[in-house]
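Enquirer: Residue numbers (my numbering): 7 to 166.
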């Protein structure tokens, strides 16, 4: 019986990871990848305005990932916006680490999913709670996760 429960929960976790990573991919493609393409075009044609647009898109990566994850989880409108806010906070409105952004967004989204009641002050509580959770998570994990990702990148560079 325990083995069956383990498989059930492992499958649910895998489905969740696939769904949220798919949403993350949409957000990454819509911001960072498109920004990189535009930056390349801007370099080729020497267009400062396109270079600025590319930088803006790259800085919005966290927001895009947050909205993508929330959309993939079929969250309602206010929670979708709050996930975008969480992503923006996790990126610090700079070109950040997508893994840190993903973890912070998931933390904020899951805390928001615990709120089941509807109140007249949801418009304040939901974004506020999302922002606080994302910022707290960012403060806790940014340094170690970023260092781990840099170490993995250095290892890959060394190995190839």
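From the three backbone atoms N, C-alpha and C, an ideal C-beta is built for every residue, glycine too.
Please state whether DSSP places residue 112 in a helix, a strand or coil.
Expert: Three-state result, residue 112: helix.
Enquirer: Between residue 130 and residue 118, is the Cβ-Cβ spacing less than 8 Å?
Expert: Cβ distance not < 8 Å, so residue 130 and residue 118 don't count as in contact.
Enquirer: Quick one, are the C-beta atoms of residue 70 and residue 37 less than 8 Å apart?
Expert: In this structure, residue 37 lies closer than 8 Å to residue 70 by Cβ.
Enquirer: Below 8 Å on the Cβ atoms is my contact criterion, and I expect residue 105 with residue 139 to pass it. Report the Cβ-Cβ distance as a whole number of Å.
Expert: No, residue 105 and residue 139 are not in contact; Cβ-Cβ is about 17 Å, not under 8 Å.
Enquirer: Go through its chain and collect everything with a Cβ distance to residue 90's Cβ below 6 Å, but skip five positions before and after it.
Expert: The answer, listed in chain order, is 69, 72 and 73.
Enquirer: With DSSP collapsed to three states, give me the class of residue 133.
Expert: Three-state result, residue 133: helix.
Enquirer: Decide if residue 116 is buried, meaning its Cβ has at least 16 other Cβ atoms within 10 Å, or exposed.
Expert: Exposed, because fewer than 16 other Cβ atoms sit within 10 Å of the Cβ of residue 116.
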